[in-house]
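J.:
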Amino acid sequence: MFACVIVYTMTNLDECKIVTLPRIVDATRGALTVVEQLNEVPFDIKRVYWIYDVPSGENRGGHAHKELRQLIVPVSGSFKVVLDNGRETREVLLNHPWQGLLIVPGVWRTLEDFSSGAVCMCLASELYDAEEYIRDYDKFKEIYCR
Numbered sequence: 408m409f410a411c412v413i414v415y416t417m418t419n420l421d422e423c424k425i426v427t428l429p430r431i432v433d434a435t436r437g438a439l440t441v442v443e444q445l446n447e448v449p450f451d452i453k454r455v456y457w458i459y460d461v462p463s464g465e466n467r468g469g470h471a472h473k474e475l476r477q478l479i480v481p482v483s484g485s486f487k488v489v490l491d492n493g494r495e496t497r498e499v500l501l502n503h504p505w506q507g508l509l510i511v512p513g514v515w516r517t518l519e520d521f522s523s524g525a526v527c528m529c530l531a532s533e534l535y536d537a538e539e540y541i542r543d544y545d546k547f548k549e550i551y552c553r
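In the working numbering, the protein residues as written are 408 to 553.
(1) Expressed to the nearest angstrom, what Euclidean distance is found between the alpha-carbon atoms of G524 and E538?
(2) Contact check, P429 vs T440 under 8 Å by CB: the rounded distance?
(3) Taking the continuous alpha helix (DSSP H) assigned at Y544, which residues delimit it?
(4) With DSSP run on the structure shown, which of helix, strand or coil describes M408?
(5) Following the continuous beta strand (DSSP E) through H467, name the residue where it begins and the one where it ends.
(6) On the CB-based measure, 16 or more other CB atoms within 10 Å of its CB, does S532 come out buried or exposed?
(7) Sorted by chain position, which residues of the same chain lie with C-beta nearer than 6 Å to Q444's C-beta, five sequence neighbours on each side aside?
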């Protein structure tokens, strides 16, 4: 009998990238941005949620995913996303509603420095599954930094 062992490797942070979304501007009526799965978003969208009313000085995120991919979009205001693969970190400021940050599996993410009135929309490749999250940073490093 064989045991199935899943081996996770450290993610290159370059796999997380800014995606510029289509922006249609009408000088008198405002702007419109469109997102379509498998076009601007390189995965099937199975879940959409948004984060808002984050108190000053508070953070969100603070976890990684085993398989889930996300596109994080600042629908309103701004916030910073700190990406961490266990060996290096990168900070990305999101402040344009026509740009999103693609985050791949195996990256620890923390959202911080929310401006007043900021709204963060997350498009996810998977339905919610608590087992899919890695919420302990030491466990994350143990899995991805061998």
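Ideal Cβ placement from N, Cα and C applies to all residues, glycine included.
Bear in mind the structure is a predicted one, so any value in this text is a computation, not a measurement.
T.: Looking at the coordinates:
(1) Using only the alpha carbons, I get a separation of about 31 Å.
(2) Confirmed, Cβ separation roughly 6 Å.
(3) Y544 to Y551 is the extent of the alpha helix (DSSP H) around Y544.
(4) In this predicted model, M408 has a pLDDT of only 48, less than 50, meaning its place in the structure is not dependable; the value taken from the coordinates is given anyway. M408 carries a coil assignment under DSSP once its states are collapsed to helix, strand and coil.
(5) The sequence shown places Arg at residue 467, not His. R467 to H472 is the extent of the beta strand (DSSP E) around R467.
(6) Residue environment analysis places S532 among the buried positions, since at least 16 neighbouring C-beta atoms fall within 10 angstroms of its C-beta.
(7) Its chain contains D451 and I452 as the residues whose beta carbon lies nearer than 6 Å to that of Q444, once the 5 sequence neighbours on both sides are disregarded; these appear in chain order.
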